[in-house]
Structure formats: structure tokens, C-alpha cells
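For the sequence shown, the working numbering gives the first residue as -10, with consecutive numbering after it. C-beta: ideal position from N, C-alpha, C; glycine also. This one's a predicted model, so the numbers in the text were calculated from it and none came from an experiment. What follows is a single structure, written as C-alpha cells, with notes after it.
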Amino acid sequence: MSTVNTVTEQLTRAGQVIEHDSFAIIDAEVGAHAYSEAQWPIVRRMIHANADFDFNGLTDFHADAVDAGIQAMLKGGTPVVADVEMICSGLSQPRLGHFGMKTHQFISDADVIETAKAEDTTRAVQAMRKAHRKGLLNGAIVGIGNAPTALIELVRLIREEGAKPALVVGMPVGFVSAAESKDLMAELTEVPWIVIRGRKGGSTLVVAALHALLALAEARQKAQP
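Given below as C-alpha cells:
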């Protein structure tokens, strides 16, 4: 069976050529790197999304992260829980729909806002708690690109309340607790993760990483007899 992707490729020939040429430039400029054959397409797409070669080195993977993400996608119907709407808006709905996946975020829900005010926490913390109460975290792919407090709370939910996502893509950007939140995530052995070390990150990088995983999942799907 053909291994050429049909859902996760660019929709036009011109777009495919530009993307192919961009990836070739990145490969040439990076040269040798420390990532595995499965990890590199994710890092390369992140570099492509921001034209920032620092992600070659800053991006760190749990040993099982790529396979866990692919398996969750191939399973079908796996939810994607995000800290902010920007991730949900950036993800390709046709690509998600190919695997029956839907996005969820609660950052702007009225009850989340009110509870955050009442408990003097952030909306991001309360949004993660709401996702857990709704049973969405277990088996989910969780993408965090904006709020370090969301990632810190997710680590707590995993450690203390038994939340068990299939994969965490933890890439919050910022100066307050961003680096620390990713270090906390990377200490976990219970759940596979992909993180960007340090202050850098952002929702666009989460989207890029997930799109790369979707392409890898489709390639594996098409390679199956």
C-alpha cells in the first residue's frame, strides 16, 4: 500500500513544493543532530513553524513519546485537550477528523473564570481541573503552549489524582514558571511527554508538533497491510 499521505499533506501542489523545499533547507542547515528518525520530523516542523533553529536541542522527548502519540491517534477518537483556544484553532480539522479526534478547551468558560476568581488561581489551572472532572484527560493528548500554570496543575493531577494522558505536549512560553513547569513534566515517568526546555515555547509549536505526529500516524496507517 502507498505510504504517501493524503490527509496530512499540503492541499495544493505549490504548497507541497514550498514545504518540501523548506524542510530541505532545515535539514541542510542543521546537518547532524541527536534526534531519532521518529523524533526529527517533529523537531523539523517546529523549526519550520518559527524559523528558530534553537528548537534543535531545546526539544526533549520521553523515550515513548512519539510511539505513544501515534498509537493514540491510530486508536481513533482520542481527545485533544488544550490550554487555550489558539491551539484548537490552529489544528487542522480535516487532519484531526481523519482519526476521529476532537479538541477541547475550557479557558473561557464562565464557571472556570468564576472559580479562578473565587479561589485566587488562574483560569488555566481551573480549566485543567475541569477537563479532569469531565474525564477527558485519561487517554487524551494534552497540548499546553501558553500557560505554565496549566502544565504545573496537570503534573499535580497526574501525580495526585491519577490522571493519565496518552501524551503531553508541554511547551508553555514565558518568564514566570515556564522553564520550571517543563522541568517538572520531564521528571514524570508515568506519562510520555514532549517538552521545550527553557523559556521558549508557544501554541504554534504545539500545533506544529501535533501536525507532525498526525503525519507520522497517517504514514504508519498507510504502511499497514
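The C-beta of F44 has 16 or more other C-beta atoms within 10 Å across all chains shown, which makes the residue buried. Ranked by Cα distance from R122, the options V70, A206, A168, G86 are led by V70.
Contact between the segment 141 to 157 and the segment 22 to 41 is absent, with fewer than three C-beta pairs closer than 8 angstroms. The DSSP assignment places complete beta strand (DSSP E) segments of no fewer than 3 residues inside the segment 60 to 116 at 69 to 71, in order along the chain.
Taking C-beta atoms as the reference points, M90 and T67 count as a pair closer than 7 angstroms. Here D72 really is in contact with G134; their C-beta atoms are around 7 angstroms apart, less than 8 angstroms. Around the beta carbon of R2, fewer than 16 other beta carbons sit within 10 angstroms, so the residue counts as exposed. One Cα belongs to I147, the other to W182, and the distance between them is close to 12 angstroms. By the Cβ neighbour-count rule, F95 is buried, with 16 or more other Cβ atoms within 10 Å of its own.
When beta bridges are read from the DSSP output, L156 appears opposite I130. Counted as a single uninterrupted DSSP element, the stretch harbouring V162 is not any beta strand (DSSP E), since DSSP gives it neither H nor E.
Boundaries for T138: no beta strand (DSSP E) harbours it, while the alpha helix (DSSP H) harbouring it runs 137 to 150, taken from the DSSP string.
For the pair S170 and P137, the CB atoms are nearer than the 7 angstroms cut-off. For the pair M62 and A206, the CB atoms are nearer than the 7 angstroms cut-off. With respect to E150, M117 sits apart: the two C-beta atoms are not nearer than 7 angstroms.
Cβ neighbours of T193 within its own chain (closer than 6 angstroms, five residues either side excluded): A38.
In summary, I130 is buried, with 16 or more beta-carbon neighbours lying within 10 Å of its beta-carbon over all protein chains present.
Under the DSSP assignment, D49 falls outside any alpha helix (DSSP H), being part of the beta strand (DSSP E) whose first and last residues are 48 to 50.
Fully enclosed alpha helix (DSSP H) runs of no fewer than 4 residues occupy 2 to 19 of the segment -4 to 21, in order along the chain.
Taking the Cα positions, G124 is about 31 angstroms away from F164.
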